[in-house]
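For the sequence shown, our numbering gives the first residue as 657, with consecutive numbering after it. For reference, the structure discussed in these notes is given below.
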Amino acid sequence: MQRHCLRPRILPSAWVGVVCLLMGGCVTSSKESQPGAATPRSPQPPAAKATTSPDVSADALAHYAAGVSLELREGGAAALPEFEKAYELDPTNAALAGRIAQILITQQNREKAIEFLNKALKATPNAPEPWFWLGIARRSGDEFPQAIEALQQALKVKPDYLPAVRALVEVYLQKDAANEVPPLLERAFKQTSKDATFWVGLGDLYSFILKQRPSLASQIPSRCPADCFQKAREITPRDPEILLRVAEAEMAVGNFTAAADAYGELLKLRPDLTQLRERLALAYLRADQRDKAIVAFLDILKREPLRYDIHNTLAELYQENNKDAEAATHLQRSIQLNPNQFEVYVRLALAQLRMKRYEDALENLAAARTRFPQRFQIPYLNGLVFSEQKQFDKAMAAFADAEQLLLGSEEDKPTSPFYFMYASACLENKQTDKAVLLYRKALELDPQNHAAANALGYLWADNNQNLQEALDLINKAVAAQPENPAYLDSLGWVYYRLGRLEDALKQLRRSAELLKEPDAVVFDHLAEVLDKLGRRDEAIASLKKALQADPKNKELAEKLQRWTKK
């Protein structure tokens, strides 16, 4: 029956290259396969062990050295006689006993291995290696109860003997006794071992179990791999491979600050690894340490100045901090490095629009149009720029161009927000009928578009037309955003048109209270209602506030002059 060995993946596949670099090259497999597909990684061939007799020790060492030489050249079978002679001279060498048993098991000589190990246990009953290999031999013959007993005995004599832990995990999983795995690992975790390799191996084993057996995740805390690697780090704080494990494990459990700390320490040891700088920057991002992330990404650009993707990331970070100038610089550089990035042109145009750098935005969009002539977003953004410049005739033409591209596209179609912006440009250009048509299209596509509902309702109210429809539309907008001062102003104004002056006064005063900055239209409307109610002094005071908000408004100035003369 074929079995599979538990070989916990050291790190995610994307990081194999990093590990190889850290280790100075990848480890190749040995010439001789391990004994049995289910056998855990065996200990390295043991060093010769001194005995009380110098002559015996020298002879044992000589045979052992000869065996090692043969094994390197011809394999374990050739080395076995020399190893056996060395062991006969030094039967207290438990590690060598384990190596001999391993070779016998590999040769399918299981019975001889068991007989040999039973003799070895009489000489070294408190050594873990003979017990471990006895368990492996029993398991290779499907003698699972005896295998478990032997492996448990190995852990009894040496509780932090990791090969026995691995082998027991394999047996439990193979025999559908997965419920035994969590307590086994927990006992191992409670050990006070000062061996960093033990904690690394246990952390790898935890990682493997959590990945391969999700059903056990509820019984094994997700932090166990990270905690094991942290214990290894405490023992050898400057080991690059351990630091990498710590960082990746902390990332996996969402402890991004700890991950960044480990990546930072690792970079001090291996500043040549750019991949680590990216992981450090990502850890800072996920830890919401934006400023440190920016520094890390800038550091990458110093080493790899052609990385347009890093420029894009930096631009996003700067935009999140409302630093459009810095963002625009990186977006422009990204386009220079790779001009086939449509989304980057769009992001740059929006940043330029926010900074009121309208000519730069138009120039950027013109360059984008030459590469992406069928993308509706380009004329749409032109329309937004022209609207900001109050060139509403050009804005209308740009929006009309965008609409034609949308109607001819199989992927994109006009949206409610698009028609809202198009309608607003038409309204500003005194194209009221066109604006009404477009606002209705916006509402047809999205009846919940409260901005369009308010705009159309206010248009009717301001023109003293369709007042009941106007009231219904504005009420819908207010229901969506009951503390929006613009919507409350619209509601107050339609009440004014309907002659409901007290209702109008209430809504307009509420609108004025909610304003973050003085608004001339709101205070003008409030003045009109107060004047209609016969409260001229209050009306004049409100009108003065309107004029303060818009001091160049000639109509407001003339109205104030008329009212103060009466």
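A virtual CB, placed ideally from N, CA and C, is assigned to each residue, including glycine. Please read these numbers as outputs of a predicted model, since none were measured by experiment.
Rounded to whole angstroms, what's the CA-CA distance from L899 to A943? Just pull it up for me. 18 angstroms
Cβ shell of D1128 (< 8 angstroms), same chain only, five flanking positions each side left out: G1113
Assign K1215 to one of two classes, buried (16 or more other C-beta atoms within 10 Å of its C-beta) or exposed (fewer than that). buried
Between the C-alpha atoms of R843 and L818, what's the straight-line distance to the nearest angstrom? 11 angstroms
Can you tell me whether DSSP reads I876 as helix, strand or coil? coil
Taking only the alpha-carbon atoms, compute the straight-line gap between A1056 and A1098 and give it to the nearest angstrom. 15 angstroms
With a CB to CB cut of under 6 angstroms and the five nearest residues on each side skipped, what residues in its chain are close to P815? Q847
Between the CA atoms of G797 and Q763 - distance to the nearest angstrom: 13 angstroms
I need the DSSP call for M907, collapsed to helix, strand or coil. helix
Determine the direct distance from the alpha carbon of Y1036 to that of D1118, and round the result to whole angstroms. 28 angstroms
Residue of T930, L962 and K924 minimising C-alpha distance to L993: L962
From what residue to what residue does the alpha helix (DSSP H) around M1077 run? S1072 to E1084
Would you tell me roughly how many angstroms separate the C-alpha atoms of M1052 and R933, rounded to the nearest one? 48 angstroms
Mind the definition here: the stretch 1058 to 1067 touches the stretch 1081 to 1089 only if three or more C-beta pairs lie below 8 angstroms; say whether that holds. no
Just verifying my parser: in three-state terms, what is the DSSP assignment at E972? helix
On the three-state DSSP scale, how would you describe K979? coil
Applying the criterion that 16 or more other CB atoms from any shown protein chain within 10 Å of the CB defines a buried residue, is P881 buried or exposed? buried
When we look at the beta-carbon of T969 and count the other beta-carbons within 10 Å, is it buried (16 or more) or exposed? buried
By the three-class DSSP mapping on this structure, what secondary structure does A943 have? coil
Going by the CB atoms, is the gap between I756 and R794 shorter than 9 angstroms? no
Near L1018, what residues of its chain come up, given a Cβ to Cβ distance below 8 angstroms and the 5 sequence neighbours on each side ignored? N1038 and V1041
If you run the structure through DSSP and keep just helix, strand and coil, what is N1240? The first residue shown for the chain is 657 and the last is 1222, placing residue 1240 beyond what the model contains.
From W1149, E1100 and D947, residue whose alpha carbon lies closest to that of Q1124: W1149
On the three-state DSSP scale, how would you describe S871? helix
Just how far apart, CA to CA, sit G1155 and Y1014? 43 angstroms
Are L773 and L752 close, meaning C-beta to C-beta below 9 angstroms? no
Can you tell me the Cα-Cα spacing of C884 and A823, whole angstroms? 19 angstroms
In three-state DSSP terms, what is Q1137? coil
Quick one: measure Cβ to Cβ for L1199 and L1170, integer angstroms, because I've assumed they're closer than 8 angstroms. Actually they do not touch by this definition, with Cβ atoms about 20 angstroms apart.
Using 10 angstroms around the beta-carbon of S878, count the other beta-carbons present and answer buried if the total reaches 16, otherwise exposed. exposed
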